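Visitor:
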Amino acid sequence: MDALRIRGLTVVCGTELKCRGCGTCCTVYETININVSDVFNIAAYLGISPKAFFDRYCRRMEDGKGGATFVLDVSGGCRFRQDGRCAIYPVRPDTCAMHPFDFPGINIARHAKAEVSADEYRSCFIRDMPDDLIIVPDLERMVGSLILAMVKEMYLARNGGDFDEQAAAASHSSGMAQAKNPRMREIMHRKLLNEMIRNAPVDPETNRPALTAEEITQIYSHVRARLKPKSEP
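Per the numbering used here, the very first residue in the sequence shown carries number 117; after that it's consecutive.
1. Using DSSP's beta-bridge definition, name the partner residues of I224.
2. Could you name each continuous alpha helix (DSSP H) segment of 4 residues or more that falls completely within the region 298-322, going from the start of the chain to the end?
3. So what's L162 in DSSP terms, helix, strand or just coil?
4. From the DSSP secondary-structure annotation, give me the bridge partner or partners of M177.
5. With contact counted as at least three CB pairs below 8 Å, one residue from each stretch, are the region 134-142 and the region 240-256 in contact?
6. By how many angstroms is the C-alpha of S165 removed from the C-alpha of C129?
7. Could you say which of R121, P216, T185, G124 lies nearest to A265 if we only look at CA atoms?
8. Considering N151, what are the terminal residues of the beta strand (DSSP E) in which it resides?
9. Between G260 and the rest of its own chain, which residues show a CB-CB distance below 7 Å, the 5 nearest in sequence each way excluded?
10. Looking only at C-alpha atoms, which of V318, D254, P317, A234 sits nearest to K344?
11. Rounded to whole angstroms, how far is the Cβ of N315 from the Cβ of P206, which I believe are closer than 8 Å?
12. T211 bridges to which residues according to DSSP?
13. Touching or not, the region 266-283 and the region 182-197, by the rule of three or more beta carbon pairs under 8 Å?
14. Which residues in the same chain have their Cβ closer than 7 Å to the Cβ of M304, if we skip the five residues on either side of it in sequence?
15. Between Y173 and R195, is the Cβ-Cβ spacing less than 8 Å?
16. Along the chain, where does the beta strand (DSSP E) that runs through V127 open and close?
17. By DSSP, does R136 sit in helix, in strand, or in coil?
18. By Cβ distance below 6 Å, which residues in the same chain neighbour Y271 in space, the five residues on each side in sequence not counted?
19. Within this structure, are the beta carbons of L327 and T126 separated by less than 8 Å?
20. Confirm, please, whether the CB-CB distance from P317 to H227 is below 8 Å.
21. Buried or exposed: G200, going by 16 or more other Cβ atoms within 10 Å of its Cβ?
In structure tokens, the structure reads:
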């Protein structure tokens, strides 16, 4: 598929940009958002029970809205970064897999580079990206992640931020099924596109949207077509 250029900028998917593995993002955060299925998938990869994984690596956290959630505790640096590598790479959370393009919006490279100007990000690959890029998240992974986030919200509504393995197992099973449901994914694609339009990048010089809704829709359709498996029509 031919490259798409909008306003003189080339559209790329975040999956096309290769992280150096510098580990900065593994050390600068206190917590990582995870869904119910992350607990089960990572636990299975490590060969421990979901409850053991939760108790050892996760923590309950107030959500600031009168409720509670649970997160991966990475204070002091992620414990799964070992010998300069991610020890759970095949099952890493969506937040990690899509980072730094894990926000439901479109990035313009020169703006993204300004956000990593602090010295702690000196090794981040974003600093060396060309300025003339429009960067779109991995839409397919993000859609799956949004579905699993919705399932997590339903789990939290019933159980709060505590981990009940039996209830969580039911949510995990439901979430994995919903994430593969074509109709659910199509609904979530429409929701994600609308959210990206609302989160249109802002030109810091004019304080106005840098892309129109029509341009964002064109970009979304282009990247989605590029990400579609070859077996799909």
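Even glycine gets a Cβ: it sits at the ideal position worked out from N, Cα and C.
What you are looking at is a predicted structure, and each value in this text was computed from that prediction instead of being measured.
Guide: On the basis of the coordinates in this document:
1. I250
2. At a cut-off of 4 residues, the continuous stretches assigned as alpha helix (DSSP H) that sit fully inside the region 298-322 are 298-314.
3. helix
4. Answer by DSSP bridge pairing, in chain order: T185.
5. yes
6. Rounded to whole angstroms, C129 to S165 spans 35 Å at the Cα level.
7. T185
8. First-last for N151: undefined, no H or E at that position.
9. A295
10. D254
11. Not really, about 30 Å apart at Cβ, beyond 8 Å.
12. In the DSSP output, where bridge partners are listed per residue, T211 has none listed.
13. Under the 8 Å Cβ criterion, the region 266-283 counts as touching the region 182-197, having at least three qualifying pairs.
14. V259, L262, I263
15. yes
16. 125-129
17. coil
18. Answer for Y271: V152, S287, listed in chain order.
19. no
20. In this structure, H227 places its C-beta atom within 8 Å of the C-beta atom of P317.
21. Exposed, since its Cβ has fewer than 16 Cβ neighbours within 10 Å.
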